[in-house]
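Novice: Chain order of the listed sequences is B and V.
Mind the numbering: the first sequence is residues 6 to 254 in the numbering used here, read in order.
Mind the numbering: the second sequence is residues 6 to 254 in the numbering used here, read in order.
In this text, a Cβ means the ideal position worked out from N, Cα and C, and glycines have one as well.
A single structure is presented below for examination.
2 protein chains.
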Amino acid sequence: MLKEERQQTILSEVDLHNRILITDIAEALDVSIDTIRRDVKELDAENKLRKVHGGAISMGYMTNSARNTNIYKLDDKAAIATKAVGMLRDGAVIFLDGGTTCMELARIIPENLNLTCFTISLPVAMELSHKANINVISIGGQISKEAQIAIGANAIHHISEIRFDYSFIGTGYVDATFGLTEFDWDIVQIKKAVIKASKKTVLLSISEKLNSQHRYKTCDINSINTMITELTPDNLLLKAFRNHDIKIL
Amino acid sequence: MLKEERQQTILSEVDLHNRILITDIAEALDVSIDTIRRDVKELDAENKLRKVHGGAISMGYMTNSARNTNIYKLDDKAAIATKAVGMLRDGAVIFLDGGTTCMELARIIPENLNLTCFTISLPVAMELSHKANINVISIGGQISKEAQIAIGANAIHHISEIRFDYSFIGTGYVDATFGLTEFDWDIVQIKKAVIKASKKTVLLSISEKLNSQHRYKTCDINSINTMITELTPDNLLLKAFRNHDIKIL
DNA sequence: TAATTTATTGCACAAAACTGCAAATAATCA
DNA sequence: TGATTATTTGCAGTTTTGTGCAATAAATTA
Chain B
6 MLKEERQQTI LSEVDLHNRI LITDIAEALD VSIDTIRRDV KELDAENKLR
56 KVHGGAISMG YMTNSARNTN IYKLDDKAAI ATKAVGMLRD GAVIFLDGGT
106 TCMELARIIP ENLNLTCFTI SLPVAMELSH KANINVISIG GQISKEAQIA
156 IGANAIHHIS EIRFDYSFIG TGYVDATFGL TEFDWDIVQI KKAVIKASKK
206 TVLLSISEKL NSQHRYKTCD INSINTMITE LTPDNLLLKA FRNHDIKIL
Chain V
6 MLKEERQQTI LSEVDLHNRI LITDIAEALD VSIDTIRRDV KELDAENKLR
56 KVHGGAISMG YMTNSARNTN IYKLDDKAAI ATKAVGMLRD GAVIFLDGGT
106 TCMELARIIP ENLNLTCFTI SLPVAMELSH KANINVISIG GQISKEAQIA
156 IGANAIHHIS EIRFDYSFIG TGYVDATFGL TEFDWDIVQI KKAVIKASKK
206 TVLLSISEKL NSQHRYKTCD INSINTMITE LTPDNLLLKA FRNHDIKIL
């Protein structure tokens, strides 16, 4: 196997799973740990990923409070995902959005939990499909090349015919007064449908996105039932959100 | 052999397999390693490919992901996929099944081909989503954990509402008299629906599967329009199939 | 703190790349 | 056509690169 191919493989694995373990990759590609270590080092120097103790994480997964020095240590998105997992109960029917934070949630959902998970995200569906007790249902539709999620009328129609106990969604931008906004029109339509189809909607967002906005509006803050960030609920950055009828975790 | 045609051969090999090894090409064309090295160097300078240590990779490969780590019988499968790619025309609406052979086909579909591809396979959808000119539509449904494909009534219903120009399907087992059979009932139902929805059905199967059978039947050999194996069409193993109204590639 | 895991470093071996050179081949022109 | 020139090719020696191993150091966990 060519070095270049190997590095491409590492990159695509990182893209797919947000994080990789050096040892896993070495075993999968059947080369020594040293080799993978060197590869990861190079890729880090090229800013294609971030090397951390024990492995590597994707750039998209990085947050600006970059204290991600250890693959096992909780970073921002993992912290959010951990809080979200606490909301899950056996037998629930949930929806999972695309994006790295929801992907992280999918990753850490316990194997023994009995869940029915709907998702529009190809990577999330693949990740969940490895868990024995989770019934995964992918919502079909045209695939957005950027986000690797199903979009379009078909997907929206399907969502409208389901009633989720919980939906876990991300957002491009969020602001206490302007609500959730996106750069992409199609994605807004999907999220609108998801929110409408959910008993409870849970927003997962790193604090970095707070107080930002863009062109197309998904919904008001009031349409969200629970908002999870990596911050503690009493953080000052969340003050503006406390005026709304929304639970903050 | 002229230098020009040699370089042309190198380029087409790179296009086909996304990567080459200097040593392989040198042996195949029966010239010295140095010659190929020089050729590759020139082609790199002309931006026709990217020279890397030990070989070369196609320009498109850089963005290409999901390198197959399952190298089992990969050469045979690549040979089948190559024949299948030859059937594709701009503007076609096709269906791609799951399985490693179809995955290989997805992998080598040229970037510049304009296609609408439906698929039930999560990995195939992800692979295709990286190609700019291919409109990917995932068919949703319950995800089979073994095969990472959508199965069930919902997926079947969707398929029944489409008319594919070509469908490329795999099979668990195939026999000239017993037809296509599977170990899994749900998968049979999906394949039946696909065949019904296709103007032309193309079976991709490595020769290893020929003359094998299992519990559940998908269809007779006659329901298949074209059958592609890694063998040459006049191979003895295919003799029994030549009695049927089926094109063999 | 000790025990375990991960990183780093230096080293050896192998594979590949580069260089200069001579022989072979192709192209040009009288 | 034959002689001259330029290009291409293969080979040998050298340099560079890639890989794995083992010893040591650093970081992490219990």
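Might you give, ordered along the chain, the residues of its own chain that have their beta carbon closer than 6 Å to the beta carbon of H249 of chain V, omitting 5 neighbours on each side?
Specialist: I226, N227
Novice: Looking at the unbroken alpha helix (DSSP H) that takes in Q12 of chain B, where does it start and where does it end?
Specialist: Run containing Q12 of chain B: 8 to 22, per the alpha helix (DSSP H) assignment.
Novice: Under a Cβ-count criterion, where at least 16 other Cβ atoms within 10 Å of its own Cβ denotes burial, should I99 of chain B be classed as buried or exposed?
Specialist: buried
Novice: Determine the burial state of Q13 of chain B: buried for a count of at least 16 other Cβ atoms within 10 Å of its Cβ, exposed for fewer.
Specialist: buried
Novice: According to a CB-to-CB cut-off of less than 7 Å, which residues of the stretch 141 to 153 of chain B neighbour chain V?
Specialist: V141, I142, S143, I144, G145, G146, Q147, I148, K150, Q153
Novice: Restricting to runs no shorter than 3 residues, where is the beta strand (DSSP E) found entirely within the stretch 202 to 244 of chain V?
Specialist: 203 to 209, 221 to 224, 231 to 233
Novice: Using CA coordinates, which residue listed in B:R24, B:E132, B:D189, B:S134 is at the minimum distance from Q218 of chain B?
Specialist: B:D189
Novice: Between the Cα of I139 of chain V and the Cα atoms of B:A130, B:V36, B:S149, B:I27, which residue gives the shortest distance?
Specialist: B:S149
Novice: For I30 of chain B and V141 of chain B, I'd like the C-alpha separation in whole angstroms.
Specialist: 26 Å
Novice: Which residues in chain V have a C-beta closer than 9 Å to the C-beta of K8 of chain B? List them in chain order.
Specialist: V57, H58, G59
Novice: Going by the DSSP bridge assignment, what does K252 of chain B pair with across the sheet?
Specialist: B:T231
Novice: So, using beta-carbon positions, are E116 of chain B and A137 of chain B closer together than 9 Å?
Specialist: When the beta-carbon positions are compared, E116 of chain B and A137 of chain B come within less than 9 Å of each other.
Novice: Quick one: which residues of the stretch 121 to 143 of chain B get their C-beta closer than 8 Å to a C-beta of chain V? List them in chain order.
Specialist: L127, P128, A130, M131, L133, S134, H135, A137, N140, V141, I142, S143
Novice: According to the neighbour-count rule (16 or more other Cβ atoms, all chains shown, within 10 Å of its Cβ), is P128 of chain V buried or exposed?
Specialist: buried
Novice: Report the neighbours of H162 of chain B on chain V: residues whose CB is nearer than 8 Å to its CB, in chain order.
Specialist: Within chain V, no residue comes near H162 of chain B; the closest Cβ sits about 11 Å away, beyond 8 Å.
Novice: Measuring alpha carbon to alpha carbon, tell me which of V:G103, V:G60, V:S165, V:R168 ends up nearest I38 of chain V.
Specialist: V:G60
Novice: Does the stretch 196 to 204 of chain B come into contact with the stretch 232 to 243 of chain B, if we say contact requires no fewer than three beta-carbon pairs (one atom in each stretch) closer than 8 Å?
Specialist: no
Novice: Grab the span of the beta strand (DSSP E) containing A155 of chain B for me, first residue to last.
Specialist: 154 to 156
Novice: Under 8 Å Cβ-Cβ, which residues of chain V neighbour A198 of chain B?
Specialist: What A198 of chain B touches in chain V: nothing, since even the nearest Cβ is about 14 Å away.
Novice: Just curious, the beta strand (DSSP E) that T124 of chain B is in, first and last residue?
Specialist: 120 to 124
Novice: When we look at the beta-carbon of E10 of chain V and count the other beta-carbons within 10 Å, is it buried (16 or more) or exposed?
Specialist: exposed
Novice: When burial is assigned at 16 or more other CB atoms within 10 Å of the CB, is K82 of chain B buried or exposed?
Specialist: buried
Novice: Reducing DSSP to helix, strand and coil, say where D170 of chain B ends up.
Specialist: strand
Novice: Taking only beta-carbon positions, decide if A155 of chain V is within less than 9 Å of chain B.
Specialist: yes
Novice: Evaluate D20 of chain B with the Cβ neighbour count: other Cβ atoms within 10 Å of its Cβ, from every protein chain shown; 16 or more gives buried, anything less gives exposed.
Specialist: buried
Novice: Should L101 of chain B be flagged as near chain V, meaning a C-beta pair shorter than 9 Å?
Specialist: no
Novice: Let's see if you can read the secondary structure: which residues bound the beta strand (DSSP E) around V179 of chain B?
Specialist: 178 to 180
Novice: If I'm right that I195 of chain V touches I156 of chain V with Cβ under 8 Å, what's the distance once you round it to whole angstroms?
Specialist: 6 Å
Novice: From N240 of chain V to I154 of chain B, what distance separates their C-alpha atoms?
Specialist: 43 Å
Novice: Is E151 of chain V helix, strand or coil when you go by DSSP?
Specialist: E151 of chain V falls in the coil class under three-state DSSP.
Novice: So, is R24 of chain V buried or exposed, given that buried needs 16 or more other C-beta atoms within 10 angstroms?
Specialist: buried
Novice: Judging by CA-CA distance, which residue of B:S134, B:A130, B:C224 is the nearest neighbour of S143 of chain V?
Specialist: B:A130
Novice: Can you check whether the CB of G145 of chain V is closer than 9 Å to the CB of V160 of chain V?
Specialist: Residue 160 of chain V is actually Ala in this sequence, not Val. Contact annotation: A160 of chain V and G145 of chain V have beta-carbon atoms nearer than 9 Å.
Novice: If we ignore side chains and look at the alpha-carbon of each, how far apart do M64 of chain V and K53 of chain V end up?
Specialist: 7 Å
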